Structures are given as structure tokens and as C-alpha cells.
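*Asks:*
Protein chains: 2
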Amino acid sequence: MEKRSISKQTIRRLPVYLRYLKEQTSQNVSATTIAGALDLSEVQVRKDLAAISDGGRPGIGYGTGALIGDLEHYLGYDQEVPAVLVGAGNLGRAILGYSGFAQCGLRICAAFDSDPNLAGKSIGQAKILSMDALDGVCKENGVQIGIITVPDYAAQGVCDRLVLQGVRAIWNFAPAHLSVPEGVILQNENLVASLTVLSKRLAERLSQNEKE
Amino acid sequence: MEKRSISKQTIRRLPVYLRYLKEQTSQNVSATTIAGALDLSEVQVRKDLAAISDGGRPGIGYGTGALIGDLEHYLGYDQEVPAVLVGAGNLGRAILGYSGFAQCGLRICAAFDSDPNLAGKSIGQAKILSMDALDGVCKENGVQIGIITVPDYAAQGVCDRLVLQGVRAIWNFAPAHLSVPEGVILQNENLVASLTVLSKRLAERLSQNEKE
């Protein structure tokens, strides 16, 4: 099946379907059931799944296992992507310790930290190494994704070094604006921005309640 | 100045402007300068800032301090919102330890964990307490936001308990689909979904490069 280009919003929902499906024991599952369980509209679910699988049958739904396979294949979870993480503080450790990323194909080859006391420790599948080892590990493993969890002032330096070692995508958790050369993908996780959206929604809701 | 309703995308950019402005020492700043520094289009920056401030002057730009004030006021950063965090693992500790949230008005009154060995420790401004103390702290402080950083299987139970104690907004970091009653705001931070978007972008870029 030739797949159409799919929006970022849809791509974000696909792992949610996958997580739900993996928890199910029934052989078949309908879009109606999925929509009900995940508080989504049925139309939305049908449209999303039609874009990545042609396994839906009227009156039966999707074969659960087959749909899981289609989702994993579309999302590239069956292909390993080598990555490194720089900055083994609490956030870095939380990412290293979360097994869910490995199921997405992410292989964190190693983590790096400037604190020499951390060198040699292991968290999850990854060992923490000194910054000296970064360039070698990137080259040996053909590392494609660099995860940045260092403080803001150190982030651009780390980013530049990763890019120099051939990293093609930066996943930035540092609260800093990073510059990358053309051709390198930069994705920022901005928790302050997320919190701000939540706070604004809350303030609007509370002011609505006062008016009512 | 009466403010129009602003999109979620714009709201997410406003804290980025604010962070940039706080790093500046010049008295005035133009939309052109901001756009250049943050890799945004000038039109975008002008539109975003016009929505929250009427302090822009042709040929001069915005007064830096005044624009910071307008942004903080619009974003509600000058109003304290009491919160609790449940789950003091690595991710929970990363959130507790990050001083940037306090600057957004978030006041984390306390953190809670089911591990009795953690009780009594302090991280950032917050003390870790046993789960027994949760209901009392929520009531005493009029807690509005509940931050969930527990494992997936525990998340719904924690969410229900927070809602029962009057929490109006849930910021969920657990990889679980949560149900909340109508009127309660739920915001999910889904890092697997973010990673998936990044991986897909990377795969598309690499396959384009191969074709070229």
C-alpha cells in the first residue's frame, strides 16, 4: 500500500493507538472501540488508520496484530536509529531509564556528561561516558540523533559538536534557542511553553466559571 | 489594551520571545532583531507581539522592559498558580529542580511519592511528602494544577485522587491515556510521540538525500 504524506498531528496520534492496541487481548478491534477508549472521534480514528493500513474489514474491524505491525512499520519502529544523549542530570536519566523509547527503534548508544563522577555508571541500556569519548562513539555507531539535556548555556556548544560528528537530528530539551546548519533537523521540547499553554487554558476556564 | 484570543501556536512562541528579551541589555528591540535571533519570520513576530502589546514604535521598536512586562502579564506569569507533583523519580525531580517554572508563576507546594525513603527530602523549592499528605496539601493550598510523573499503571489512580481534591488541570507525563471529568483540563506530554515525529522527519530527510 502506497502511503500518503501524513500530518504531524496524525503522526503524534499513531503511537497512542499503538500503545492502546498492545494492551488489548482481542483478535480484532474496531475504530469505534478505539475512538471510545481514547476519547477521539470515530471519523478521526478511521481516517488516521486508513492512512497507514488497508487491513480494516466492515463489521469486523482490524486484526489487532496486523494493525500493530502496520503501525510499527509506518512509524519506523522496526528500524533501529542510533542516538547519543548529552547531559546525564535528572532529565537525561529519566530519558535513559524509560524503556518506551527502545520500542520506537531508538538505540541510545551512550550518554555523556562533563561530571567525571558519573563516568562509568549505567542507566537503562546506556553507559555514561566522559565528554572526551563523544566524537569516537558518534563515528563508530553512525549516530543520527543527538539528545541534548544539558543546561541552557552549554547547549549550543554540544549541538555544534554533535553536528560536526555527523548527527542529522537534534532533540533539544535545554531551554535555549539553538542554531543548526541547513539540512540538520532540530526539534525543541519546550516544557515552559507547554506549561504556559496549560496555565492559560486554566485561567480562561476559571474566568469563564466566574462569569457563569 | 483589549487582547484578542490567541492561538496555541502563538502562546507557545511567547515564552521564547520572553526568554530572548530577558537576555538582552539594550533599551529597545525591534521585531526584525527578534526574528533574526530566533529564526522566525518578521511578519510572524510582528503579528505575535501586536496581539499582546501596543508598545511598538516605528523606527524604534519596543521598549525591552515594557515588552517583557506585557508578555509576563499576558502569560499570567505575574500570578501564582499552586501545584503539586506526584512521582519523584528522575523526571519528577527534573521538573522540581528546574527554576524556569517558578518564573511562569508555577508554585509547586509539595511533591509526593509512594517510596517512604524519599519522604522528607527537598528538591528545588519543594519537599517530598508521603502520599498520605496529598489530600491535605491540596485543600490547604487550593492546588489548581497536578503534575503526574508516576509510572503508567499508577497514573489514572493519581489523577482521580487529584481531581477529587479539587485540582482543575492535570499535566500528565505518564505514558498512559487518562480520563478526566468534564471541566477538568488534561494536557499530555507524550515524549514517545515527539520522538516519533523527529524520527519520521529524519527518515524522510535521509530518503530524500538518497534520491538526490
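Chain order of the listed sequences is V and W.
Numbering of the first sequence is given in the numbering used here, commencing with residue 1008 and proceeding in unit increments.
Numbering of the second sequence is given in the numbering used here, commencing with residue 1008 and proceeding in unit increments.
Quick reminder that beta carbons are idealized off the backbone N, C-alpha and C, glycines included.
All figures in this text were calculated on a predicted structure; none of them were measured in a lab.
1. Please classify V/E1087: is it buried, with 16 or more other beta-carbons within 10 angstroms of its beta-carbon, or exposed?
2. Tell me W/I1155's beta-bridge partners as DSSP assigns them.
3. I want to verify the contact list: residues of chain V whose CB lies under 9 Å from the CB of W/N1124, in sequence order.
4. Since V/F1119 sits in a beta bridge, which residues does DSSP pair it with?
5. Can you tell me the Cα-Cα spacing of V/R1026 and W/T1032, whole angstroms?
6. For a test of the three-state rule: what should DSSP assign to W/V1170, helix, strand or coil?
7. Under a three-way DSSP split, which group does W/A1200 fall into?
8. Going along chain W, which residues have a C-beta under 9 Å from V/F1108?
9. Return the Cβ separation of V/V1144 and V/C1116 in integer angstroms, given the expectation that the two are a contact with Cβ distance under 8 Å.
10. By the three-class DSSP mapping on this structure, what secondary structure does V/L1113 have?
11. Please decide whether W/H1080 counts as near chain V, where near means a Cβ-Cβ distance under 9 Å.
12. Where does V/V1088 fall in DSSP's three states?
13. Check each candidate in W/Q1016, W/N1035, W/V1191 and name the one with the smallest Cα separation from W/G983.
14. Excluding five sequence neighbours on each side, which residues of the same chain lie with their C-beta closer than 6 Å to the C-beta of W/V1052?
15. Using a Cβ cut-off of 9 Å (strictly closer), state whether V/Y1105 contacts chain W.
16. Report the residue ranges of all beta strand (DSSP E) runs contained in full by the segment 1038-1076 of chain V; include only those spanning at least 3 residues, in chain order.
17. Rounded to the nearest angstrom, how far is the Cβ of V/N1097 from that of W/A1101, given a contact under 8 Å?
18. Taking just the CA atoms, how far does V/V1036 sit from V/A1140?
19. With V/V1022 and W/A1200 assumed to form a contact (beta carbons below 8 Å), what rounded beta-carbon distance in angstroms separates them?
20. Using Cβ-Cβ distances below 8 Å, what residues of the segment 1130-1154 of chain V are close to chain W?
21. Measuring CA to CA, which of W/G1083, W/R1168, W/P1065 is closest to W/M1138?
22. Looking only at DSSP bridge pairs, what is W/V1191 linked to?
23. Taking C-beta pairs closer than 8 Å, name the residues in chain W that V/Y1097 reaches, listed in chain order.
24. Under 7 Å, CB to CB, which of the residues in the segment 1164-1184 of chain V have a partner in chain W?
25. So, is V/Y1105 buried or exposed, given that buried needs 16 or more other C-beta atoms within 10 angstroms?
26. In chain W, which residues lie with their C-beta within 8 Å of the C-beta of V/V1036?
27. List, in order along the chain, the chain W residues whose C-beta lies closer than 8 Å to that of V/L1209?
28. Just to confirm my understanding: we take W/E1049, look at its own chain, exclude 5 residues before and 5 after, and list those with CB closer than 7 Å. What are they?
29. Should W/L1213 go down as buried or exposed, given a rule of 16 or more other Cβ atoms within 10 Å for buried?
30. Does chain V have any CB closer than 9 Å to the CB of W/V985?
31. Do W/L1103 and W/A1118 come within 9 Å of each other at the CB atom, strictly closer than that value?
32. I'd like the list of long-range same chain contacts for V/C1111, defined as Cβ closer than 6 Å, with 5 residues on each side in sequence excluded.
33. V/I1018 lies in the alpha helix (DSSP H); which residues open and close that run?
34. Who are the Cβ neighbours of V/A1128 in its own chain at under 7 Å, not counting the five residues just before and after it?
35. Please confirm whether V/A1161 and V/A1133 have their CB atoms less than 9 Å apart.
*Replies:* A quick look at the data gives this:
1. exposed
2. W/V1093, W/N1179
3. Here the premise fails: no neighbours, minimum Cβ distance about 17 Å.
4. V/V1093, V/L1136
5. 48 Å
6. helix
7. helix
8. L1198, V1199, L1202
9. 6 Å
10. strand
11. Not an interface residue.
12. strand
13. With chain W covering 1008 to 1219 only, the question about residue 983 of chain W has no answer from this structure.
14. A1038, I1041, A1042
15. yes
16. none
17. 4 Å
18. Using only the alpha carbons, I get a separation of about 48 Å.
19. A small fix is needed here, since residue 1022 of chain V is Pro in this sequence, not Val. Yes, V/P1022 and W/A1200 are in contact; Cβ-Cβ is about 5 Å, under 8 Å.
20. The segment 1130-1154 of chain V vs chain W, Cβ under 8 Å: Q1151, I1152.
21. The shortest C-alpha separation from W/M1138 is found at W/R1168.
22. W/V1191 pairs with nothing; no bridge assigned.
23. Position check: residue 1097 of chain V holds Asn in this sequence, whereas Tyr was assumed. Within 8 Å Cβ-Cβ: N1097, L1098, R1100, A1101, G1104.
24. Cβ contacts with chain W come from R1175, A1176, W1178, P1182, H1184.
25. buried
26. Here the premise fails: no neighbours, minimum Cβ distance about 15 Å.
27. V1088, Q1151, I1152, R1175, A1176, I1192
28. A1038, T1039, A1042
29. exposed
30. Chain W is shown only over 1008 to 1219; residue 985 of chain W falls outside these bounds and no answer can be derived.
31. yes
32. In the same chain as V/C1111, and ignoring 5 residues on each side of it, the C-beta atoms closer than 6 Å to its own belong to Y1084, in chain order.
33. 1015-1029
34. A quick correction: the sequence has Lys, not Ala, at residue 1128 of chain V. Excluding positions up to five away in sequence, the list reads I1135.
35. no
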